[in-house]
Structures are given as structure tokens and as C-alpha cells.
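Residue numbers (our numbering), protein chains in the order written: chain S, 124 to 551; chain D, 3 to 301; chain B, -15 to 329.
Just so you know, even glycine gets a beta-carbon here, dropped at the ideal spot from N, CA and C.
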């Protein structure tokens, strides 16, 4: 009796919890349930929501205002995510998994496209939903496609640039070996020679892939299978490991993300720096910068010519769960017009996806790195396009980090990388 | 001089010496206390000092390592509160205060009930209940997000205040219940008994006699609860909307003017602003905590 | 003991509904205990409800998911398809560090997969827990003892101690990353050139220092509250009896503060076993600083069901630690608490 007395309210609580669990559904099990959704709402028009990470330089808001003024019945609401890529990714996954119709158009990092497409969350941009990509730089279109189908509209691009000291380097290096031969200049000036981003994070995947691609290798072959056991891949990885071992890459570089490496370069502690275009604006304007007037820019060094940059940037994708896909497609087209792309570039320093804009005189005057960046993006190789990207990037980071630090031979690191990627793609 | 006076003088000298040693020892102890206090202050405040100094530094000199403030500017604070770039920092501060207050009050209220039952009442399954409450703080927080997200989506709670408040209450409850239970154990319950002899019901005895005595413990627990809710980030980052996001999420979404740039100076400015209300809170309530605790000590 | 409640039968009908506010006085002992049971149930219900919705429900979901295979890729369509029931394979794969082989079946996880990191992450988690909780206990005790003394500026110290804890973890982690940068103030101040986040032991110490700095106030505050409950006369009496400072600490302070101390240590331990933000932001998990929670979140991005199994394993590990703690290490919080009001121990 006493037990019953005691248990009554507690049991009520328990029953409530169980009822809740009943409506929760199976949880995270993903499915290809998107295939039905992909044929629905194609003609739908009405208000939509555009989801993107932090709008750093206030470009999206004015654009949306402009759109809304012209389309009073199809207004776009801006949903801003945090500035952290990981959190943006997880937020999108949560919403797609819940089949949320509230996320109509999402800005997707180039490396997530394949994963989201394979999960059936992105509307294929074909047939009725087709988008003209002829004016766009080819690598940006490749990065927005999966299995030869376009799943997103390239929105902004990004590529690596080799910054160097104009005062110390008379002619910029074209190949990795040339650059390494110039390290004596760095030594004479008591500074580090070269650095990229070698902390164990996404930036290391970028740098390691660039090393492998620039030496003529590839992380994944055309079928998406790992191809790291080639002499080219080995040469690329060995370049980094050797440079770190002989001090051409300073020892602190394994703690560098973008900002730390930029700072070292701006302080005059590096001769060469691999980084993104944003460095140009800061290095030429920041009060503490010691390289304001001696900042040189060139394409990344490769084996015999320009190296292969990793591709950055975002694409705009339509959620299969959207109810207003016709409006969404119009909005995608709006994001890729020359006018919008120019606004992205001038206002937000975002690299355009339209090739023609790189020759635009006004733009080049404002953003002098554009010609170099065009070379970089034209030669860019998207980071591995695979639905298993989260596992692939971990495999690259883990093993490249060990190889650079010298804890593992280059051969062992590449073989472990190969096996890890094979295992990840083997599924369960 | 008589022997008596000599003895008296010696005794006095002896006492003087004794007092002096005692005084010296006292001084020495006091001195040690101050040295320790200074060490504690440095350990706790030095990194916070660096946060404040960085907060006042021009963004172009972010990595300046002069110990004293250089390139002082208020720009970072302006950036933090500037709403034109979509930072909702002011709103987020209010959200955090609101969420934190509700969480603290509600979790204390129901936590005190539970703690009272666990500390004072006889019933079966007590171990089970204690184990259950403790078990609730053992699951990795990161793994709670997905189920909660789906649950709140299903019942249409996404982006609401209650979607942030209820998880927070559950996170602080186990700690609240355990600390309150351990404090209740130490209470002089004889007073409750005598109040009941005087004709109070158990409930009245609890309210009128025990609660005032428990005030310091409750304040301590309240601070623990408030700060832990104030610090919560993981759940809020996924379940909040622009209108309800707390300050931790707002800070995480601080961005530099350039992509890839980490605006350390603005983040530190925001950190400084966020810390101030809590320090004020503690300073205001700390007199209460001390007074209450001392009163409680003199049983 | 509180649990020695004899079998009782309630004569009055067990009325549900609103809690009965005052039981009629002078009724028999049986009735009183029954009333207490009813009271306890109503008093506990809100707590149990709140925990059920937010914690128990996700745990059950996770356990159900952990017996499902993760979605696999259909090579023909390039789309993910449901994996189907998995039995215990998710658990087996973690514990024996097995990964799927390209040719089917499983192989030992190659370095670079998350599966290969299970045992090292477990060891790292325990290492961090033991070191940080030990340091925090000692430092927290010391701080509490100082703060309990009467001296000018005491309120300043008490407020200052809470500052590290009041700064949100998101900021703390960035702050320490900034301090521990190679060109940061840490190296500058001590004139060193340590790769704080780039080599094994400095990376571990960086995480430990940041964590101890952040969470010692929690310990100190709880211990302080415990200290304040010790009547001053007890110390006076001990002094008169000629007890040395160390004896007073060992014989009086420690035993009397033990309940509060044990609660603090227990909760810090449970928290430390789930440590996530600091190592994640400071080192990204490099140089042997990957904890189980970091492994869980990395795995969530690669496959939910395997992540659910890992969460459940983590849950079981923490449960075992708490059990051992409560059972064998004299930290019998439960025991002490049920002895409520009946004199100490």
C-alpha cells in the first residue's frame, strides 16, 4: 500500500516519459527517404528561409532586402548559424534528419555536399530544377556535384595563395623544390622559411591534400576509392615531412591554424606562407603588420608549375523537404548572378564563382589577389568528394600529423591512411 | 624587594613573553593568510586579467604580448553590441539572465523538495531514487542532443525558451538534490521537532524553522545552479533560435570582419561583459552567504 | 536506519490527488510512516519527471539506436540505406577495436580511424579525471580554508575565486588557446618556447591547467559551505586540549567536511569523465588528448548508431566508477544521506 502511494506520482512521470519516447521515432537512423520528397513541391512558391553561417561582413542581409523588395510574395527569411563550421554542419544534419521544411535553402560547405546528397537531403538540380553552370569555374561545379548530378549552386569559392616577402624573394618560386632552395634566404634573415596550417584540424586536411595533389597524386581516384599508395602521393607527403624535419617548416607550425600562421608571417617570422585570400586585407592594413609594403602573392608551388590548391567555399542547396522549391531555385539563380557575385566580392571579399569576374578591372583594382586566386582555383582539386568525408578527413589528419612530426614514416602514414579510408567506405 | 614582588614581576614578564609569542604567532598566521590570499588572487585573476587587457586592445594588435594595456580602444565592446551585423549580444545577455534565473528558482524549488524527502522522510526505494538521480548525470552530454532535438521538433518547441530551460533544469538538478541533501543532514532538526511540539505541522516547521537555517546552503546551491546554467552551451547551440539564444551561443558566433579571422579581441570583450554580472551577483549575495553560514554554525 | 521501515498497512484509504497538508496528530506510528511515504512521492515527483524527459528518454533512445547498424552506401544509387539490426556488433567493434574491412567482415582498426582510439581515449579520460580531480580537491580545500578565515579583503577573494568559473567555457577555451599559443603570453611570460598544443605532455598539461583553473572554484565553494557548518567552539576546545594544526585538520575539519567534500568530488569526477570542450578546442584531440566525449562527437558525424553504442559504453564506464566510488572508497554518499538526522554515522 505504501508502495503504491509512493509510486503513484513517480509512475505518472514514467508513463509520460514513455509516451514521449513513442512519438520520438527511431532516432538517428538515416534513410534515403528523401527520394519521394525530391519530386514534391517543385512548383511551390512562397516565403522561404535561407540558412547560412555567420554573415561576417554583412553581405547576405542587404542582398535579401533587395530580393524581398522585388518579391513581396516570396520573401526570404535569413537564419544565421554560428561561425563554427562544425556547428553549422551539425545544425544542418539535425534539421534535415527531422525533415524540417523550415530550412529551404542552405549554404553548404563544399566538403559536405556529397554527404548530404547521399543522405538524400538535397534536391538534385536537374530536369525541371536545372541550373546553368556554364559561366562558372569548373572546380566549383565539380565540388557541388555528386555522382555526376549537380546538387547545389556554387555560391562562393576559395583557394590557397602563396604569400611571400617581395623584399627578400626576387622572383617567386613556381615549384616546391624552387621554394625549398630559397630557404637559405630565410636562414640568412634568421626567420622561418615556409608554413601552412599543420595543427590537427580541418586545415591539416587542406594542406596535406594540397601537398599530395600538387605532387601529382590524389587522395581519392575518380571512383572515390583511396589512391594513396602511389609514388606521387608519397612524394607529396614526403615534401612536408622532410621540410619539417630539416626546419624549413618551423617547429611551431604544428600548432598553427590560419590565424597563428598569418600572425607569424605578419610579424616577419616567415618567408613563405600558404593561406587564404583574407590574409591580403589584414596584412596590408593591420597596425602591427610588418609586411604591409612587401607582401607578394603567387600561386601555390607544384611539381613543375602551379600547385593544386584545395578548394574552399560554399554552395547553396535546396532541401528536399522544402515546400517552395520554385522560389528556392529562383533564389539560387539570384545568388549566382554577376551582380550578386560582384557584391559578394566587393563587400565580403568572397571569391566569385564566375570566371569572368576575375578579369573585371574594378574588382581587380580593389582585390589585387584575384588574378593569382583565379590560377589557384582553376588548378584546384576539391578536397575528397565522398559521402564519408568526416571519416576521410580524420584519417588524413591523424596520419599526416604523425608523418609531419616524424612519429611515423611517410610510407606507414600513407598506408594507414589508405586502410582507414577503405574501412570507412566499406560501411558496416 | 620582597620575594613576593620578584615572583610577581617574573610572572608578569612571563605573561608578557607569552602574550608576545601568541601575538607573534597570530601575526605570522595572519601574514600567511594574506600571502595565501594574494596567491589565490593571482592564480584566479591573472588569466582573467589577460582577457580584459585583450578586450581593450585594438584588433590590429591582437597578438601583442605587453603585460600592460597597449593600443587601448573601446571598439571591441562596440562591435560586441553592434546589432547591424546580426550580433544579438544585448538580447542574448537578457536571455541568459532570464533562463538562468528561471532554472535556478525552479531547480532549487523542486530540488529542495526532493532533498527534504531524501534527508528526512522514511520510505522504500530511497537507494533507487538516489541512484536514479545520480545516474542522470552520467550520460555524455553530447549524446543527448539528437534525441532532444527530435523530441522538441515533434512537439513544436524548437527555439522556445522552455526548450532551453527544461534541459538546463535537468542538468543542475542532480547536483542541487545531492548538495541540499548533504546540507539538510547537518541541520539541527531538533528545532523542527520542538516546533512540531509547539503545534506546527511538518510543513510549517519546515518553512518557518528549517528554511531560514538552510538559507546559506540554498544560496551556495543557487550560485552553483545559476553559473552552470549560465555556462551551458552544447544544448543551446542546437535548440535555440536568434530570439532565444543565450550569451554563450552569441559569443561562439562572433566573427571577424574577414572570413577565417578569429576576432579574439571581440570574444574577450564579450567574455568580460559576461563575467561582470556574475561578479556583481556574488558580491551582493556573498554577505548573505557569510551571514547565513555563520548563523547556521552557531547551533 | 531510515530504510528499516517495517511492513505497514495503511488503514485510511490511500487517497491520491492533492498532497495532504497536515496529517491528523496523534494517530499511530504506522499512519505516520505511510504519510511520509506519500509525502516523499509527491516531493520527488517533479525531480523524477524532469530527469525522465530530458535524460532518461534520450538514454533509452540511444540504447535502442545502439543495436542498429549505421546506414551503408548503396553502390548502385550512391545513396545511403538503413543498416538494419546490428545485435551487439557496435559494442563488440568498439571494445575489440574492429573496423569493417573492404572485403566484408572486420579487421583491426587501422590508425586514423576512430575505432582505433577507443582504449587510448579511455586511458586519456581516466588520466585527466584522476589528475584534475586530485589537483582541484587539494587546491579547492586550500582555498576554502583560507576563505573561511576572517581577514580584511575576504569578500574580494571570495568574489575573485568565482571569476574563472563565471567565464563561459566557450570563452575560457579560446582564452587558454590564446594564452598557450606559441607566440602567446604564456611562453612570453616564462621566457619559454614550449609547443603547448603540439607535443604530448605539454598538451596534456595545457588541458589540465585550463580545467583546474576553471573548476577549482566549484570545489572551493562547496567545501567552504561545509567548513562554515563546523561550530567554532569545536576548534577552540581542540586548541585548549593542545591539538596541533595538522591534528585539528585531520581529526575535526576533514571528518566534518567529508559529506560536502564527497558530494563535490563525486560530481567533479562525473563531470571530468565527460570532459569535452577544453581538449577539443585546445588541441583538437591531438597528442593523446582525445577523451571519450570527443570520440563520441567525432563518431556522431560519421554514424549515429555506433556513436550511440559508444555513448552507452561511456555511460556504463562512468556508472561503474560512480558505483566503486560510492561503494568502496568510503564515499558512501547514499549511506550518509539516508542516515539523516539520526546523528552522524
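When B:262, B:310, B:258, B:296 are compared, the shortest CA-CA separation from residue 109 (chain B) is found for B:258.
Judged by DSSP secondary structure, residue 278 (chain S) falls within the beta strand (DSSP E) whose first and last residues are 276 to 281.
Residue 98 (chain B) belongs to the set of residues whose beta carbon lies under 9 Å from a beta carbon in chain S.
Residue pairing by DSSP puts residue 433 (chain S) in a beta bridge opposite S:504. For residue 324 (chain S), there is no enclosing alpha helix (DSSP H), as DSSP marks it with neither H nor E. Residue 397 (chain S) and residue 268 (chain B) have their C-alpha atoms roughly 21 Å apart. DSSP lists no bridge partner for residue 268 (chain D). Below the 7 Å Cβ cutoff, chain D contributes 123, 124, 125 as neighbours of residue 20 (chain B), in chain order. Residues of the stretch 161 to 174 of chain B whose Cβ lies closer than 8 Å to any Cβ of chain S, in chain order: 165, 166, 167. Beta-bridge pairing by DSSP links residue 284 (chain S) to S:398. By the neighbour-count criterion, in which 16 or more other beta carbons inside 10 Å mark a residue as buried, residue 54 (chain B) falls on the buried side.
Listed by position along chain S, the residues whose Cβ is nearer than 7 Å to that of residue 282 (chain B) are 517.
Interface with chain D (9 Å Cβ-Cβ cutoff): residue 30 (chain B) is included. Closest by C-alpha distance to residue 174 (chain B), out of D:62, D:67, D:47, is D:67. Between residue 229 (chain S) and residue 443 (chain S), the C-beta spacing is not below 9 Å. Within the stretch 75 to 138 of chain D, complete alpha helix (DSSP H) segments of at least 4 residues are found at 77 to 83, 91 to 122, 128 to 137, given in chain order.
With three or more CB-CB distances shorter than 8 Å, the stretch 112 to 119 of chain D counts as touching the stretch 28 to 47 of chain B. Exclusion of the five residues before and after residue 71 (chain D) leaves 55, 58 as the residues of its chain whose Cβ lies within less than 6 Å of its Cβ. The C-beta distance from residue 134 (chain D) to residue 20 (chain B) rounds to 19 Å, too long to fall under 8 Å, and the pair is not in contact. In summary, no residue of the stretch 168 to 186 of chain S has a CB separated from any CB of chain B by less than 8 Å. Taking residue 465 (chain S) as the centre and dropping the five residues before and after it, the same chain places the C-beta of 475, 480, 483, 486 closer than 8 Å to its C-beta, in chain order. Secondary structure at residue 224 (chain S): coil, using DSSP grouped into helix, strand and coil. Flagged as an interface residue toward chain B: residue 324 (chain S), by a C-beta distance shorter than 9 Å. Under the criterion of beta carbons closer than 8 Å, residue 190 (chain S) and residue 467 (chain S) do not qualify as touching, at roughly 14 Å. Across the structure, residue 208 (chain S) and residue 176 (chain S) are spaced so that their CA atoms are roughly 8 Å apart. In chain D, no part has a C-beta under 7 Å from the C-beta of residue 232 (chain B); the shortest such distance is about 13 Å. For residue 539 (chain S), the closest of B:70, B:67, B:93 by C-alpha to C-alpha distance is B:93. Counted as a single uninterrupted DSSP element, the beta strand (DSSP E) harbouring residue 84 (chain B) occupies residues 82 to 84. Distance from the CA of residue 307 (chain B) to the CA of residue 140 (chain D), rounded to the nearest whole angstrom, comes to 11 Å. Annotation: the continuous beta strand (DSSP E) that includes residue 172 (chain S) extends over 171 to 175. By a beta-carbon distance limit of 8 Å, residue 69 (chain D) does not contact residue 167 (chain D). Their separation comes to about 42 Å. In the pairwise beta carbon analysis, the stretch 336 to 346 of chain S is classified as not touching the stretch 262 to 278 of chain S: fewer than three pairs are separated by under 8 Å. Contact of residue 286 (chain B) with chain S is assigned, a C-beta pair being separated by under 9 Å. Under the three-state reduction of DSSP output, residue 247 (chain D) falls in the coil class, being neither helix nor strand. Sequence-distant partners of residue 123 (chain B) (beyond 5 residues in either direction) whose C-beta falls short of 6 Å from its own C-beta, in its chain, are 200.
Proximity of the stretch 396 to 414 of chain S to the stretch 344 to 362 of chain S falls short of the contact definition, fewer than three beta-carbon pairs being nearer than 8 Å.
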